[in-house]
Amino acid sequence: MPSRRAIYPGSFDPLTNGHLSLIQRGLKVFDGLVVAVANNPAKKALFSVDDRKRMIREAVNGDPRVVIDSFDGLLVDYAKQQGVHTVLRGLRAVSDFEYEFQIANMNRKLDPEFESVFMMTGEDYFYVASSLVREVASFGGDVSGLVPPNVTAALRARFAR
2 MPSRRAIYPG SFDPLTNGHL SLIQRGLKVF DGLVVAVANN PAKKALFSVD DRKRMIREAV
62 NGDPRVVIDS FDGLLVDYAK QQGVHTVLRG LRAVSDFEYE FQIANMNRKL DPEFESVFMM
122 TGEDYFYVAS SLVREVASFG GDVSGLVPPN VTAALRARFA R
(Lines of atoms letter the chains of each structure in order from A; the text may use other names.)
(Lines give C-alpha, C1' and ligand atoms only; values in the text may rest on other atoms or scores of the structure.)
Protein backbone atom coordinates (compact mmCIF):
# COMPACT_ATOMS: atom_id res chain seq x y z
CA MET A 2 0.00 0.00 0.00
CA PRO A 3 1.47 3.37 -0.97
CA SER A 4 2.39 5.88 1.68
CA ARG A 5 0.09 8.88 2.08
CA ARG A 6 2.22 11.94 2.64
CA ALA A 7 1.37 15.62 2.74
CA ILE A 8 3.34 18.82 2.84
CA TYR A 9 2.67 21.21 5.71
CA PRO A 10 4.17 24.50 4.51
CA GLY A 11 4.59 27.73 6.40
CA SER A 12 6.99 30.35 7.61
CA PHE A 13 7.02 28.92 11.18
CA ASP A 14 8.64 32.14 12.39
CA PRO A 15 8.43 30.98 15.10
CA LEU A 16 6.85 27.54 15.45
CA THR A 17 3.82 27.71 17.76
CA ASN A 18 1.93 25.10 19.73
CA GLY A 19 -0.83 25.55 17.13
CA HIS A 20 1.59 24.44 14.40
CA LEU A 21 2.76 21.54 16.56
CA SER A 22 -0.83 20.49 17.23
CA LEU A 23 -1.55 20.49 13.50
CA ILE A 24 1.54 18.34 12.84
CA GLN A 25 0.44 15.83 15.48
CA ARG A 26 -3.14 15.76 14.21
CA GLY A 27 -1.98 15.59 10.58
CA LEU A 28 -0.06 12.42 11.43
CA LYS A 29 -3.40 10.80 12.32
CA VAL A 30 -4.55 11.37 8.73
CA PHE A 31 -1.29 10.95 6.81
CA ASP A 32 1.51 8.39 7.10
CA GLY A 33 4.05 11.18 6.98
CA LEU A 34 4.42 14.94 6.71
CA VAL A 35 6.99 17.13 5.07
CA VAL A 36 7.11 20.27 7.19
CA ALA A 37 8.39 22.76 4.64
CA VAL A 38 9.73 26.09 5.84
CA ALA A 39 9.08 28.75 3.22
CA ASN A 40 12.07 30.92 2.47
CA ASN A 41 10.60 34.26 1.46
CA PRO A 42 13.37 36.88 1.16
CA ALA A 43 10.72 39.61 0.84
CA LYS A 44 9.68 38.99 4.47
CA LYS A 45 11.93 40.05 7.32
CA ALA A 46 12.19 36.86 9.34
CA LEU A 47 13.06 36.82 13.03
CA PHE A 48 14.86 33.48 12.73
CA SER A 49 16.88 32.06 9.84
CA VAL A 50 15.48 29.15 7.83
CA ASP A 51 18.06 26.84 9.42
CA ASP A 52 17.09 28.02 12.93
CA ARG A 53 13.40 27.43 12.18
CA LYS A 54 14.12 23.95 10.81
CA ARG A 55 16.19 23.10 13.91
CA MET A 56 13.44 24.32 16.27
CA ILE A 57 10.82 22.23 14.43
CA ARG A 58 13.08 19.15 14.47
CA GLU A 59 13.61 19.56 18.24
CA ALA A 60 9.90 20.12 18.89
CA VAL A 61 8.82 16.95 17.03
CA ASN A 62 11.47 14.96 18.91
CA GLY A 63 12.92 13.46 15.74
CA ASP A 64 9.66 11.68 14.81
CA PRO A 65 10.67 9.62 11.72
CA ARG A 66 7.28 10.33 10.09
CA VAL A 67 8.15 14.03 9.93
CA VAL A 68 10.65 15.36 7.41
CA ILE A 69 11.76 18.95 7.94
CA ASP A 70 12.80 20.80 4.79
CA SER A 71 12.70 24.26 3.24
CA PHE A 72 11.79 25.62 -0.15
CA ASP A 73 11.97 28.72 -2.31
CA GLY A 74 9.46 29.65 -4.98
CA LEU A 75 6.11 28.10 -5.69
CA LEU A 76 4.72 25.43 -3.40
CA VAL A 77 3.34 23.43 -6.33
CA ASP A 78 6.82 23.22 -7.87
CA TYR A 79 8.30 22.09 -4.56
CA ALA A 80 5.51 19.52 -4.15
CA LYS A 81 6.23 18.08 -7.60
CA GLN A 82 9.92 17.79 -6.72
CA GLN A 83 8.96 15.88 -3.58
CA GLY A 84 6.45 13.67 -5.38
CA VAL A 85 3.71 14.85 -3.01
CA HIS A 86 0.43 16.25 -4.31
CA THR A 87 -1.35 17.06 -1.05
CA VAL A 88 -0.88 20.05 1.19
CA LEU A 89 -2.10 20.30 4.79
CA ARG A 90 -3.23 23.74 5.94
CA GLY A 91 -4.60 24.92 9.26
CA LEU A 92 -7.58 27.22 9.59
CA ARG A 93 -8.05 29.44 12.63
CA ALA A 94 -10.77 31.84 11.53
CA VAL A 95 -12.99 32.82 8.61
CA SER A 96 -10.27 35.20 7.40
CA ASP A 97 -7.87 32.24 7.14
CA PHE A 98 -10.43 30.36 5.04
CA GLU A 99 -10.83 33.20 2.56
CA TYR A 100 -7.06 33.47 2.05
CA GLU A 101 -6.50 29.70 1.94
CA PHE A 102 -9.40 29.23 -0.48
CA GLN A 103 -7.73 31.64 -2.93
CA ILE A 104 -4.34 29.93 -2.55
CA ALA A 105 -5.85 26.44 -2.93
CA ASN A 106 -7.61 27.41 -6.15
CA MET A 107 -4.48 29.05 -7.56
CA ASN A 108 -2.47 25.93 -6.73
CA ARG A 109 -5.07 23.74 -8.47
CA LYS A 110 -4.88 26.04 -11.51
CA LEU A 111 -1.09 25.62 -11.56
CA ASP A 112 -1.29 21.85 -10.98
CA PRO A 113 -4.66 20.09 -11.42
CA GLU A 114 -3.32 17.10 -9.40
CA PHE A 115 -2.68 19.28 -6.36
CA GLU A 116 -5.03 18.80 -3.39
CA SER A 117 -5.45 20.94 -0.28
CA VAL A 118 -6.62 19.43 2.99
CA PHE A 119 -7.82 21.89 5.61
CA MET A 120 -7.83 21.13 9.30
CA MET A 121 -9.32 23.35 11.96
CA THR A 122 -6.83 24.55 14.54
CA GLY A 123 -7.48 23.15 17.99
CA GLU A 124 -9.63 25.34 20.23
CA ASP A 125 -6.68 25.96 22.56
CA TYR A 126 -4.69 27.65 19.80
CA PHE A 127 -7.14 29.29 17.39
CA TYR A 128 -6.00 32.78 18.40
CA VAL A 129 -2.26 32.05 18.28
CA ALA A 130 -0.31 33.50 15.35
CA SER A 131 3.46 33.66 14.95
CA SER A 132 3.25 37.42 14.43
CA LEU A 133 1.47 37.87 17.77
CA VAL A 134 3.97 35.60 19.51
CA ARG A 135 6.87 37.65 18.09
CA GLU A 136 5.26 40.90 19.20
CA VAL A 137 4.50 39.73 22.74
CA ALA A 138 7.98 38.21 23.11
CA SER A 139 9.63 41.39 21.82
CA PHE A 140 8.09 43.29 24.74
CA GLY A 141 9.18 40.67 27.26
CA GLY A 142 5.79 38.99 27.56
CA ASP A 143 5.49 35.36 28.58
CA VAL A 144 4.74 33.18 25.53
CA SER A 145 5.67 29.88 27.19
CA GLY A 146 2.15 28.46 26.88
CA LEU A 147 1.98 29.36 23.19
CA VAL A 148 5.18 27.82 21.84
CA PRO A 149 7.27 24.71 22.58
CA PRO A 150 9.91 25.13 25.34
CA ASN A 151 12.82 25.24 22.87
CA VAL A 152 11.13 28.11 21.00
CA THR A 153 10.49 29.97 24.27
CA ALA A 154 14.23 29.74 24.99
CA ALA A 155 15.13 30.92 21.47
CA LEU A 156 12.76 33.89 21.72
CA ARG A 157 14.14 34.89 25.13
CA ALA A 158 17.68 34.70 23.77
CA ARG A 159 16.79 36.70 20.68
CA PHE A 160 15.06 39.50 22.56
CA ALA A 161 17.58 39.60 25.43
CA ARG A 162 19.94 41.37 23.03
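Heads up: the sequence shown is residues 2 to 162, going by our numbering.
Every residue gets a Cβ at the ideal spot worked out from N, C-alpha and C, and that includes glycine.
For clarity, every value in this text was computed on a predicted model and none was experimentally measured.
Nearest neighbour of residue i, chosen from the options [CA to CA]
| i | options | result |
| --- | --- | --- |
| Val36 | Arg26, Pro42, Gly146, Ala7 | Ala7 |
| Phe119 | Asp125, Leu23, Leu89 | Leu89 |
| Asp14 | Ala138, Asp64, Asp143, Gln83 | Ala138 |
| Thr87 | Asp64, Ser96, Leu76, Asp97 | Leu76 |
| Lys81 | Val30, Asp112, Asn40, Val129 | Asp112 |
Cβ-based burial, residue i [other Cβ within 10 Å; buried from 16]
| i | result |
| --- | --- |
| Ser132 | exposed |
| Ser49 | exposed |
| Ile69 | buried |
| Phe115 | buried |
| Ser12 | buried |
| Ile104 | exposed |
| Met107 | exposed |
| Gly27 | buried |
| Tyr100 | exposed |
| Ala39 | buried |
Other residues of its chain near residue i: CB distance less than 6 Å, five sequence neighbours each side excluded
| i | result |
| --- | --- |
| Thr122 | Gly19, Gly91, Arg93 |
| Lys45 | none |
| Tyr79 | Phe72 |
| Leu156 | Ala138 |
| Arg58 | Ile69 |
| Leu47 | Asp14, Arg135 |
Beta-carbon proximity list for residue i, same chain, < 7 Å, skipping 5 on both sides
| i | result |
| --- | --- |
| Pro149 | Leu16, Asn18, Leu21, Ala60 |
| Thr153 | Val144, Ser145 |
| Ile24 | Tyr9, Leu34, Val36, Val61, Val67 |
Per DSSP, the bridge partner or partners of residue i
| i | result |
| --- | --- |
| Arg90 | Phe119 |
| Tyr9 | Val36 |
Segment limits, beta strand (DSSP E) that includes residue i
| i | result |
| --- | --- |
| Ala161 | Per DSSP, Ala161 belongs to no beta strand (DSSP E) and is neither H nor E. |
| Val36 | 33-39 |
Residue interval of the alpha helix (DSSP H) (run including residue i)
| i | result |
| --- | --- |
| Asp70 | No alpha helix (DSSP H) holds Asp70; the beta strand (DSSP E) holding it covers 67-72. |
| Asn18 | 18-30 |
| Phe102 | 95-111 |
| Val77 | 76-83 |
| Asp52 | 50-60 |
Same chain only: Cβ atoms within 8 Å of residue i, ignoring 5 sequence neighbours per side
| i | result |
| --- | --- |
| Arg55 | none |
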